[in-house]
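Chemist: Residue numbers (the working numbering): 38 to 388.
We treat Cβ as the ideally placed atom computed from N, Cα and C, and that holds for glycine.
All values reported here derive from a predicted model rather than from experimental measurement.
One structure, pasted below without further comment.
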Ligand SMILES: NC(=O)c1ccc[n+]([C@@H]2O[C@H](COP(=O)([O-])OP(=O)(O)OC[C@H]3O[C@@H](n4cnc5c(N)ncnc54)[C@H](O)[C@@H]3O)[C@@H](O)[C@H]2O)c1
């Protein structure tokens, strides 16, 4: 039986990857220590998701471990020698990082190095998939010429008609401390591929979303926005008239891409992983979508000051992914995803 080690297994992506690989007959070792509750307070607690996996997946085994614990990570990976590693544990918030720079860097950069080195020593042939972020590009996407439409910003430069590709430079721009710690990890993952020849890849995520996200104001845009709508709470919009655009990809489509890479790995690859233009929306458009599903008006307040380093318009160019892995494609539309998130929050609210 092949085994996969998934870090951040109680989070949105980790839990989806765990369920997906278990459904394909893999043994799944999950690593998580509910650090999300430390980063974001009780609303970020992921124990419910860990318990769901343990209850529903016989092939799932939870390991309570902090990825900053170097000796612990080396020991676990040496003992398991997994056939693949999917690294989805992180301090994931752009805004939260400034208040906790040591925790942010030690988790995102140090934790990733611990896992890479553990993999090199124990299982260098095993595919290593790292969840990176589009914040590695800093605010450089904001230098692309834009046009303001009725409900959203869009690229005015035809060179970006398909979105942002992987060759956009990553330096000389503002990243937030989170973006910087993720750059360190991203470059290190590429280096273990190039320098040591390991089968690594970085997935530079746009907005990754789905019903298993414990969305909070500081992380998990669509999940949190829908939660506010369902609970009739006020959502705060920061700048750009609420027309800032994100591309959204359901966590299942993320897990399916990871599976495609693990089945046919390459070395030192980088992919921009998002919903692409078809699954993009502005905040105003997301409000309208949530309202259509719930029938409830979205309450919101507008704050003039934009978030530092925030993207005005970002959607991923998916052509490299679909060229390398033609069997992969988006299967969940944005409307379907919003409906699933509404359903999940409604269930949790009434639980
Ligand atoms: N969700 C998004 O919109 C998005 C966008 C771009 C990139 N990403 C990246 O994808 C990855 C997964 O994101 P997510 O949305 O699933 O996040 P998440 O917060 O839902 O899940 C991360 C999990 O990692 C765990 N964790 C954090 N620090 C840990 C530590 N030191 N040791 C062990 N476990 C720890 C948390 O408890 C949590 O369960 C992250 O690397 C994130 O930066 C996410």
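#1: Could you tell me which of 188, 205 and 190 sits nearest to residue 196, measuring between CA atoms?
#2: Which runs of the beta strand (DSSP E) at least 3 residues long sit entirely within the region 199–273? Give them in chain order.
#3: Jot down the residue ranges of each uninterrupted alpha helix (DSSP H) in the region 86–110, minimum 4 residues, whole runs only, in chain order.
#4: Under 7 Å: does the beta carbon of residue 270 sit that close to some heavy atom of ligand 1?
#5: Quick check: the Cα distance between residue 282 and residue 97, rounded to an integer number of angstroms?
#6: Using only the heavy atoms of ligand 1, determine whether one of them is closer than 7 Å to the beta carbon of residue 50.
#7: Going by the C-beta, is residue 281 closer than 7 Å to any heavy atom of ligand 1?
#8: For the region 317–377, which segments carrying the beta strand (DSSP E) assignment without a break, of at least 3 residues, lie completely within its bounds, in sequence order?
#9: By a C-beta neighbour count over all protein chains shown, 10 Å radius and 16 as the cutoff for buried, is residue 88 buried or exposed?
#10: Quick one: what's got a C-beta closer than 8 Å to residue 105's C-beta in the same chain, skipping five residues either side?
#11: Looking at the unbroken beta strand (DSSP E) that takes in residue 148, where does it start and where does it end?
#12: Leaving out the 5 sequence neighbours to the left and right, which residues in its chain are closer than 6 Å to residue 355 when beta-carbon positions are compared?
#13: Residue 263 and residue 375: beta carbons closer than 8 Å?
#14: For residue 284, count the other beta carbons within 10 Å of its own beta carbon; 16 or more makes it buried, fewer makes it exposed. Which is it?
#15: In angstroms, rounded to a whole number, what distance separates the CA positions of residue 217 and residue 198?
#16: Does ligand 1 have even one heavy atom less than 7 Å from the beta-carbon of residue 368?
#17: Quick one: what's got a C-beta closer than 7 Å to residue 37's C-beta in the same chain, skipping five residues either side?
#18: Go ahead and pull the three-state DSSP assignment for residue 124.
#19: Tell me, to the nearest whole angstrom, how far the beta carbon of residue 45 is from that of residue 127; I am working on the premise that it is less than 8 Å.
#20: Taking 8 Å as the cut-off, decide whether the C-beta atoms of residue 117 and residue 56 are in contact.
#21: Pick helix, strand or coil for residue 71, following the three-state DSSP scheme.
#22: Kindly examine ligand 1 and report whether one of its heavy atoms sits closer than 7 Å to the Cβ of residue 168.
#23: Mind checking which residues open and close the beta strand (DSSP E) that includes residue 173?
#24: Tell me where the beta strand (DSSP E) around residue 183 begins and ends.
#25: Per DSSP, what kind of secondary structure is residue 194 in: helix, strand or coil?
#26: Below 8 Å on the Cβ atoms is my contact criterion, and I expect residue 71 with residue 84 to pass it. Report the Cβ-Cβ distance as a whole number of Å.
Modeler: Walking through what the data contain:
#1: 205
#2: Secondary structure within the region 199–273: the beta strand (DSSP E) runs of 3 or more consecutive residues, fully enclosed, are 237–242 and 244–246 (chain order).
#3: none
#4: no
#5: Roughly 36 Å between the two C-alpha positions.
#6: yes
#7: no
#8: 317–319 and 337–340
#9: exposed
#10: 143, 144, 147, 148 and 151
#11: Per DSSP, residue 148 lies in no beta strand (DSSP E); the unbroken alpha helix (DSSP H) holding it starts and ends at 148–159.
#12: 313
#13: yes
#14: By the Cβ neighbour-count rule, residue 284 is buried, with 16 or more other Cβ atoms within 10 Å of its own.
#15: If you take the alpha carbons of residue 217 and residue 198, they lie about 27 Å apart.
#16: no
#17: Here the chain covers residues 38 to 388 and nothing more, so residue 37 does not appear.
#18: strand
#19: 6 Å
#20: no
#21: coil
#22: yes
#23: Where residue 173 is concerned, there is no enclosing beta strand (DSSP E), given that its DSSP letter is neither H nor E.
#24: 183–185
#25: coil
#26: 6 Å
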